[in-house]
Every structure is written in C-alpha cells, then in structure tokens.
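**Q**
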Amino acid sequence: MSGPSLRVRFAPSPTGFLHVGGARTALFNWLLARHTGGTFILRIEDTDRERSNDELTAAIVDGMTWLGLDWDEGPFFQAEGLKRHQRDALALLEAGAAYRCFCTPEDVDRRRVVAGIREGAFRYDRLCHRLDPDVSLRRAADGDAFTVRFLVPRGVTRWADVVHGPIEFDNAEIEDLILLRSDGTPTYNLAVVSDDVEMHITHVIRGADHISNTPKQIMLYQALGRPLPVFAHVPLIHGEDGKRLSKRHGATAIDQYQTMGILPEAMVNFLALLGWSSGTDQEIFSVQELIERFTIEQVNKKAAIFDVQKLLWLNGHYLRSRPAADIVPLVLEHMRVAGNAPPASAGAEHDRFLAVIGTLQARSRTTEEIATQAVAYFDHALQYDPAAVRKHWKGAETADRLARLREVWTALDRWDDDALEAGLRGLAETLGVKAGMLIHPLRVALIGAADGPGIFDIVRLLGRERVLHRVEQAIGTMRSTAGGTVP
Ligand code: GLU
3 MSGPSLRVRF
13 APSPTGFLHV
23 GGARTALFNW
33 LLARHTGGTF
43 ILRIEDTDRE
53 RSNDELTAAI
63 VDGMTWLGLD
73 WDEGPFFQAE
83 GLKRHQRDAL
93 ALLEAGAAYR
103 CFCTPEDVDR
113 RRVVAGIREG
123 AFRYDRLCHR
133 LDPDVSLRRA
143 ADGDAFTVRF
153 LVPRGVTRWA
163 DVVHGPIEFD
173 NAEIEDLILL
183 RSDGTPTYNL
193 AVVSDDVEMH
203 ITHVIRGADH
213 ISNTPKQIML
223 YQALGRPLPV
233 FAHVPLIHGE
243 DGKRLSKRHG
253 ATAIDQYQTM
263 GILPEAMVNF
273 LALLGWSSGT
283 DQEIFSVQEL
293 IERFTIEQVN
303 KKAAIFDVQK
313 LLWLNGHYLR
323 SRPAADIVPL
333 VLEHMRVAGN
343 APPASAGAEH
353 DRFLAVIGTL
363 QARSRTTEEI
373 ATQAVAYFDH
383 ALQYDPAAVR
393 KHWKGAETAD
403 RLARLREVWT
413 ALDRWDDDAL
423 EAGLRGLAET
433 LGVKAGMLIH
443 PLRVALIGAA
453 DGPGIFDIVR
463 LLGRERVLHR
473 VEQAIGTMRS
483 TAGGTVP
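For the working numbering, count along the sequence shown from 1 and bump the result up by 2.
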C-alpha cells in the first residue's frame with residue numbers, strides 16, 4: 003500500500019471513553035501510517051454539541067496516549083467544519099444532485115402507513131423531488147423548514163474493499179439520504195465525506211459496521227467530483243459467545259484495562275491480533291515488529307473474537323519482561339487505590355519492595371494481581387484465606403509442629419536459605435512427616451494463602467523478625483480458634 007503520501011484518520015464519535023473497537027481501528031490506521039511513513043490524523047466527530055469538546059476529547063486522547071498512538075495532525079473537531087459541510091450540501095443542491103425536502107418525519111411516516119410498508123423497509127418516496135422548482139424556491143424563501151436530500155442516482159455502486167474484496171450495492175436499495183437537517187446541521191455521511199475530502203484522506207479504515215454507509219459516501223464523492231479513497235472495513239469484534247462485543251462481556255473501555263493492570267504493550271499486541279494475522283503462529287509482537295509487518299491486506303474479514311484469557315496471557319508475558327523497578331509505581335498505585343499502600347518505600351523497605359515485586363511478577367498476569375498478593379508482605383493485618391486454613395491447619399497438631407519449627411529456626415545462627423531448609427527438613431524427619439506437612443501450613447501462616455511463591459522465597463522476602471512473629475501469631479490463632487484475622 004502507498005508511500006509517504008498515505009493519509010489516514012481515526013474519527014471517533016466521542017462517547018466519553020475509548021472503546022476497544024475504536025482503539026483497534028485507531029491502531030490499524032496508526033500502524034499503516036507508521037508502516038508506510040504516511041500521516042495519521044485524529045478527528046473528533048463531535049456533531050453532538052451538548053457536551054464540551056475538552057471533556058470528550060480528553061477520554062480519547064488519554065486512551066490513545068496510554069497506548070502510544072500518537073497523531074501527526076489534529077485533533078480536529080468535526081463541528082468546526084459546519085460552514086464547509088453546508089457549502090458542500092448547497093453545491094450539490096445547485097448542481098441538481100440534491101433537492102429541498104419539506105416533508106416532516108411525520109408526513110413521511112403517514113405515507114408509509116398508507117402504503118402499508120413496515121417501518122425500516124420504506125424509502126423516501128421523492129415527493130419533494132417532484133415539486134416544481136419555483137414552488138420549492140418560494141417555500142424556502144417563505145421560511146418553510148426543509149432538509150437537503152441527496153438524489154441517489156440509478157445504477158450500481160461498487161468498490162474493491164481491501165479487506166472484503168469487491169462489494170456492490172444496487173442504488174435502488176438506497177434511500178435519498180438527508181445531507182442537511184432542517185436546522186442546517188450536517189448528517190454523518192455528508193460531514194464524513196466533506197472532512198475526508200478536506201483532509202485529503204487516501205485510505206478510509208474503519209469498522210465493518212460502516213459498510214452500508216460506504217455506497218452513500220461513494221456517491222457523494224462522485225457527485226462532488228472528488229477522487230475516491232481506498233476503503234478497508236475491519237472486522238467486527240465478538241465476545242466468546244459469538245455475539246457482538248458489549249458490556250455484557252466485561253470491560254469494553256480501554257481505561258478499564260489500564261485500571262485492572264494491563265500494560266499498554268500487551269493491549270497493543272492484543273488489539274493488533276483482533277483481525278490481523280502475520281500469517282505465522284507468532285503471537286507476541288513488539289510495537290516495532292507490528293509497524294514493520296502490518297499491512298491491511300492481512301486483515302481478515304471474519305469477526306475477531308475477544309479472548310480475555312489471551313490478553314491476560316500476553317500481559318503476563320510483558321509483565322515478566324519488564325524490570326521490577328518499572329512495575330513498582332504501577333503496583334504502588336493499585337495498593338494505594340485499595341487503601342493498602344505499604345508503610346515505607348524508602349531505603350531498605352524499597353529494596354524489599356522491589357524484591358517482592360520481582361518474585362510476584364513471575365507468577366502474575368496483571369499488576370493488580372501483583373498488588374493484591376504484595377499486601378501480605380507488608381505490615382498490614384494478615385487475612386487468612388478460610389479455604390487455605392481449612393485445608394492446611396489441622397488444629398493442635400499443626401500448631402505443635404509450627405511451634406517446633408519456630409524453635410528450630412529461632413536457634414539458627416545463620417538465617418539463610420540453606421540453614422532454614424536444613425532446619426525444616428531435619429525437623430520433618432524427626433517428626434516423621436513429609437516436609438509439606440510443615441511447608442503448607444507455614445505458607446498460610448506467613449502470607450495467609452495456600453498459593454504463592456516458594457516457601458524460602460517468602461521467608462527471605464519477609465525477613466527473620468516478621469517470619470518468627472507471624473508463625474507465633476498463627477500458632478496463637480490455631481490454638482484459640484479455627485482461623486481468623488491476626489490483629
Ligand atoms: N464517527 C464514526 C464512528 O465513530 C466514524 C466512522 C468513519 O470512520 O467514517 O463510527
């Protein structure tokens with residue numbers, strides 16, 4: 003696909019957040035621009051003027067910034083093109099490619115009912131196109147409200163879609179669409195064509211839900227005497243049940259993924275695979291690799307499935323490839339939001355925090371998961387997971403074993419992995435039990451959970467004082483109750 007003169011745009015209708023589907027469309031446009039050395043433009047389609055531009059734009063800009071999708075021009079605001087939209091519609095009116103329509107929606111609906119045609123199947127009957135031109139002019143001059151309707155020509159409209167191949171529509175199936183409403187504002191199809199012409203867009207890449215708009219837009223380009231861009235309609239995104247992705251399937255806004263601890267590079271990799279494939283089994287792609295390899299020709303037409311497990315898997319991969327120091331601020335932020343900020347992160351505590359994150363990083367899929375597990379390593383009231391307690395704490399017997407272990411470990415003159423392990427294994431032998439009979443209850447005593455890093459990793463991360471203290475607390479809890487919260 004073409005070189006430096008390529009110009010693409012992402013044209014979201016601002017809804018207050020950046021949707022997964024929108025982000026994927028933005029990414030494909032951006033990748034193509036970066037792959038070809040072309041220009042990527044951001045245009046906010048804000049024709050709904052009720053809400054402020056700043057607020058609406060911020061949500062989109064934040065999402066794109068987080069993903070690293072920088073634009074070369076814009077953001078432009080569609081509403082600012084109002085005069086040009088009107089000028090284009092009036093030019094079509096002058097040229098006879100459009101006409102004034104004085105019918106109100108109620109008039110049109112009445113005629114539909116009389117004709118016995120169901121809603122949705124009725125196409126405007128061109129009553130006003132048959133009006134005498136002088137009458138039409140006079141009514142307009144008299145202040146009669148009118149819309150400007152496009153006169154859909156006879157014939158067939160076709161284009162070679164880069165994703166879907168040849169597509170054609172019989173124009174007879176297309177209603178004379180309204181270009182300007184009676185209040186003078188443009189409709190979507192007019193505004194988009196007018197803006198794409200103005201911005202010299204060469205490739206329109208957008209969701210497949212716009213395929214039915216494309217013949218209308220092509221006819222508008224032709225009526226305006228403008229060259230057509232290339233069209234590529236990227237596949238819809240479905241949930242795992244095969245239905246169109248919606249809130250029912252979980253988070254659909256990009257910022258929700260940020261909040262739940264997904265890294266931007268994982269999100270970009272994941273979004274790229276929603277419809278694009280490299281033609282190999284490779285699934286992990288850095289942004290640089292995507293830029294090098296991405297072409298629109300390799301986008302599939304069949305709906306892409308949004309598989310959250312795959313996103314988490316990719317995120318786990320990127321999480322492991324980042325240095326712990328990079329992850330620390332993200333984890334601290336989750337902990338802070340959850341009201342669990344560690345007491346100190348300077349000096350020795352900072353090193354310990356880094357070590358905790360480094361260990362948990364290897365076994366987590368999101369920064370939020372790391373944060374949830376990290377709490378147990380700081381001086382917060384330790385919550386014992388009731389299921390873990392039921393499984394591994396067997397009353398007085400367990401308490402006695404842990405008490406013996408505590409004695410052995412307290413007496414150690416070297417507190418290192420080898421000495422700790424030798425002490426624990428020696429005791430297991432003396433007691434005639436497997437080492438697991440000490441390790442499992444101990445893990446619950448130390449971090450409150452049955453799952454976690456290796457026991458000696460945990461012991462090292464907590465340090466001698468905390469370990470001995472927590473074992474004592476657990477013994478106390480075991481002896482007095484069946485479980486609970488250590489104060
Ligand atoms: N504002 C439209 C949307 O968000 C843009 C469609 C287009 O790219 O032409 O769906």
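Built from N, CA and C at the ideal position, the CB exists for glycine as well.
Using beta carbons (cut-off 7 angstroms, strictly below), is A327 in contact with chain B?
**A** Looking at the structure shown, chain B is missing, and only one protein chain is on hand.
**Q** Please report how far the alpha carbon of I492 lies from the alpha carbon of V22, in whole angstroms.
**A** With the chain covering 3 to 489 only, the question about residue 492 has no answer from this structure.
**Q** Run through the region 151-221 for me and flag every whole alpha helix (DSSP H) of 4 or more residues, listed as ranges in chain order.
**A** DSSP runs (the alpha helix (DSSP H)) wholly in the region 151-221: 190-200.
**Q** According to the neighbour-count rule (16 or more other Cβ atoms, all chains shown, within 10 Å of its Cβ), is A484 buried or exposed?
**A** Confidence at A484 is low in this model, with a pLDDT of 49, below 50, so its placement is unreliable and the value that follows should be read with caution. The residue in question, A484, is exposed, as its Cβ has fewer than 16 Cβ neighbours within 10 Å.
**Q** V10 by DSSP, collapsed to three states: which one?
**A** strand
**Q** Based on Cα-Cα distance, which residue from S138, G122 and A13 lies nearest to L129?
**A** Nearest C-alpha to L129: S138.
**Q** Does the beta-carbon of S15, which I'm using as the reference point, lie nearer than 6 angstroms to any heavy atom of the ligand GLU?
**A** yes
**Q** Between the Cα of V310 and the Cα atoms of K304, G318 and K303, which residue gives the shortest distance?
**A** Among K304, G318 and K303, the Cα nearest to that of V310 belongs to G318.
**Q** Using only the heavy atoms of the ligand GLU, determine whether one of them is closer than 6 angstroms to the beta carbon of E82.
**A** no
**Q** For A327, is the classification buried or exposed, using 16 other Cβ atoms within 10 angstroms of its Cβ as the cut-off for buried?
**A** exposed
**Q** Less than 7 angstroms separating the beta-carbons of V301 and W315?
**A** No.
**Q** Between P217 and F171, what straight-line distance do the alpha-carbon atoms span, to the nearest angstrom?
**A** The alpha-carbon atoms of P217 and F171 are separated by roughly 7 angstroms.
**Q** How is the beta strand (DSSP E) around T282 delimited, first residue to last?
**A** Careful: T282 lies outside any beta strand (DSSP E) and carries neither H nor E.
**Q** Quick one: any contact between the region 85-102 and the region 29-44, if contact means 3 or more CB pairs under 8 angstroms?
**A** With a cut-off of 8 angstroms on Cβ pairs, the region 85-102 is not in contact with the region 29-44, counting fewer than three such pairs.
**Q** Go through its chain and collect everything with a Cβ distance to H394's Cβ below 6 angstroms, but skip five positions before and after it.
**A** Closer than 6 angstroms at Cβ, skipping near neighbours: H442, P443 and V446.
**Q** On a CA-only basis, which of F233, E291, Y126 and I264 is nearest L33? Give me that one, please.
**A** Taking only the C-alpha atoms, the option nearest L33 is E291.
**Q** With burial defined as no fewer than 16 other Cβ atoms inside 10 Å of the residue's Cβ, what is the status of A476: buried or exposed?
**A** buried
**Q** So, under 8 angstroms CB-CB, A451 and A390 are touching, yes? Tell me the CB distance rounded to an integer number of Å.
**A** 5 angstroms
**Q** Between which two residues does the beta strand (DSSP E) containing V446 stretch?
**A** No beta strand (DSSP E) contains V446, which is instead part of the alpha helix (DSSP H) from G438 to I449.
**Q** So, at 7 angstroms on beta carbons, what are the nonlocal neighbours of V410 in its own chain, with the 5 sequence-adjacent residues on each side left out?
**A** Correct list, in chain order: G425 and L429.
**Q** Span of the beta strand (DSSP E) holding R102?
**A** Annotation: the continuous beta strand (DSSP E) that includes R102 extends over A100 to C103.
**Q** Just checking my contact of T27 with V194 at CB under 8 angstroms: how many whole Å lie between their CB atoms?
**A** Their Cβ separation, rounded to whole angstroms, is 14 angstroms, which puts T27 and V194 out of contact at 8 angstroms.
**Q** Is the beta carbon of E299 within less than 6 angstroms of some heavy atom of the ligand GLU?
**A** no
**Q** Would you mind sorting V116 into buried or exposed? The rule is 16 or more other CB atoms within 10 Å of its CB.
**A** Exposed: under 16 other Cβ atoms inside 10 Å.
**Q** Report the rounded CA-to-CA distance for L464 versus G438, giving the unit in angstroms.
**A** Counting only the Cα atoms, G438 lies some 20 angstroms from L464.
**Q** Can you give me the C-alpha to C-alpha distance between E175 and G18, rounded to a whole angstrom?
**A** 35 angstroms
**Q** Assuming contact is defined by CB atoms lying nearer than 7 angstroms, are L2 and T369 in contact in what I supplied?
**A** What is shown of the chain runs 3 to 489, which leaves residue 2 out entirely.
**Q** Give the range of the alpha helix (DSSP H) segment to which V236 is assigned.
**A** Unbroken run through V236 is the beta strand (DSSP E), V232 to V236; no alpha helix (DSSP H).
**Q** For V391, does the three-state DSSP call read helix, strand or coil?
**A** Looking at V391 - three-state DSSP - the assignment turns out to be helix.
**Q** Alpha carbon to alpha carbon, how far is A99 from A225? Give it in angstroms, no decimals.
**A** Cα-Cα distance, rounded: 7 angstroms.
**Q** Taking the straight line between their C-alpha atoms, what separation do you get for K249 and L470?
**A** 47 angstroms
**Q** May I have the straight-line CA-CA distance separating R9 from G281, to the nearest angstrom?
**A** 26 angstroms
**Q** Secondary structure at W411, three-state DSSP: helix, strand or coil?
**A** helix
**Q** Quick one: is V158 buried, meaning 16 or more other Cβ sit within 10 Å of its Cβ, or exposed?
**A** exposed
**Q** Output the boundary residues of the beta strand (DSSP E) element that contains P77.
**A** In the DSSP assignment, P77 falls within the unbroken beta strand (DSSP E) covering E75 to F79.
**Q** Do you know offhand how far V488's Cα is from F272's?
**A** Legend: pLDDT at V488 = 42, less than 50; position of this residue unreliable, value from coordinates given subsequently. Between V488 and F272, the C-alpha separation is close to 42 angstroms.
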